[in-house]
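**Q**
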Amino acid sequence: MAPAKQLYELQQLELEAQQRVQALKTVQVRLQDTGARDRAQGQAAGAKKRADGLRAELRDAELAVQSLVSRVQETEQRLYGGRTTNSKELVSLQDDLKMLTRLRQEGEVKVLTFMGQAESAEAGAASTQLEAVAALKAWEELQGQLRQDEAGLIVEITEYEGQVGSAAAALSGRETALYAALKKARGGVAVGRVERGLCRGCGVALPSGDVQRARAAQELVRCNSCGRVLYVA
Ligand SMILES: [Zn+2]
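Residue numbers (my numbering): -1 to 231.
1. Per DSSP, what are the beta-bridge partners of residue 159 in this structure?
2. Is residue 226 near ligand 1, in the sense that its beta carbon is under 8 Å from a heavy atom of that ligand?
3. Residues in the same chain with beta-carbon distance under 8 Å from residue 195, minus the five sequence neighbours each way, listed in chain order, please.
4. Is it the case that the Cβ atoms of residue 127 and residue 47 are separated by a distance below 9 Å?
5. Output the distance between the C-alpha atoms of residue 18 and residue 43, rounded to the nearest integer angstrom.
6. Report yes if the C-beta distance between residue 175 and residue 225 is below 9 Å; otherwise report no.
7. Can you give me the C-alpha to C-alpha distance between residue 0 and residue 28, rounded to a whole angstrom?
8. Among 121, 146, 166, which has the Cα closest to the Cα of residue 4?
9. Among the residues of its own chain, which have a CB less than 7 Å from the CB of residue 41, if the five just before and after it don't count?
10. So if DSSP puts residue 196 in a beta bridge, which residue, or which two residues, is it bridged to?
11. Count the CB pairs spanning the stretch 101 to 108 and the stretch 84 to 91 that are closer than 8 Å, and state whether there are at least three.
12. How big is the Cα-Cα spacing for residue 116 and residue 141?
13. DSSP three-state label for residue 145, please.
14. Along the alpha helix (DSSP H) that carries residue 19, what are the first and last residues, could you check?
15. For residue 197 and residue 228, which I take to be in contact (beta-carbon distance under 8 Å), what is that distance rounded to the nearest angstrom?
16. For residue 229, which beta-bridge partners are listed by DSSP?
17. Going by the beta-carbon positions, is the gap between residue 35 and residue 134 smaller than 9 Å?
18. When you compare only the Cα positions, how much space is there between residue 232 and residue 124?
19. Mind checking which residues open and close the alpha helix (DSSP H) that includes residue 49?
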């Protein structure tokens, strides 16, 4: 193989390998991203906590009403049972009964309010939970796809690295040194492809004699502007 073609092919193989290394990095960053899963779980937990809180308030309100119902009954028994005859005490019991009855009615209104709130919060929590399950499933599917991509890229990178190694091993010492020096000096691109009389490495028009010599490919011809090795496909 002509030396310029060898260098160009090595460059292309390195480029292919680099692109896959970049893609692998992107995939691995995305594999680490648990944001969607965490948000869904957080929202479901928050909704359940709110519903549980309202359910607890409802239970407290129901207990309070039950206690008031008993106290109203006790007061009524004392008031109407006939055992209390002291008029002052009777007046006081009547006042108590009024107050307790009012508290019981207020408590019953509270119970109804909490009941409505708890039911709607529980319905909300159930729907948030469904959304969280769907979001989690989507996240897991994406993770599965990303793990497949990761495995595929690792295989491809290994293959390309093997090919890069073989292509590099086929170069002479002089070519290897030139390639390495140009890569370092020219932003990682040592070989400039010639297209329509231009060096694609720097975009400068080449003397036609240089293009002809590069096409003949008997020797390494370099761009007189950027110094890259010229390759004519
Ligand atoms: Zn050039």
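The C-beta atom is built at its ideal place from N, Cα and C for all residues, glycine as well. Quick caveat, the model's predicted, so the values are computed rather than measured.
**A** Walking through what the data contain:
1. Beta-bridge annotation (DSSP): residue 159 is not paired with any residue.
2. For ligand 1, at least one heavy atom lies less than 8 Å from the Cβ of residue 226.
3. Cβ neighbours of residue 195 beyond the five flanking positions: 203, 204, 206, 209.
4. Not a contact, by the Cβ cut-off of 9 Å.
5. Roughly 39 Å separates the two Cα atoms.
6. For the 9 Å CB-CB criterion, residue 175 and residue 225 do not form a contact.
7. Each residue's alpha carbon lies about 42 Å from the other.
8. Taking each of 121, 146, 166 in turn and checking the Cα distance to residue 4, the smallest one comes out for 166.
9. Apart from sequence neighbours up to five positions away, the residues of its chain that approach residue 41 with a beta-carbon distance below 7 Å are 126, 130, ordered along the chain.
10. Bridge partners of residue 196: 193, 203.
11. For the pair of segments examined, the stretch 101 to 108 was found not to touch the stretch 84 to 91: the number of CB pairs separated by less than 8 Å stays below three.
12. Roughly 36 Å separates the two Cα atoms.
13. DSSP places residue 145 in helix when its eight states are reduced to three.
14. Per DSSP, residue 19 is one residue of the alpha helix (DSSP H) stretching across 1 to 30.
15. Contact holds; Cβ gap of about 6 Å.
16. Under DSSP, the beta-bridge partners assigned to residue 229 are 191.
17. Yes, they are a contact pair.
18. Outside the shown range of the chain, which is -1 to 231, sits residue 232, and nothing can be said about it.
19. Going by DSSP, residue 49 is part of the alpha helix (DSSP H) stretching over 33 to 78.
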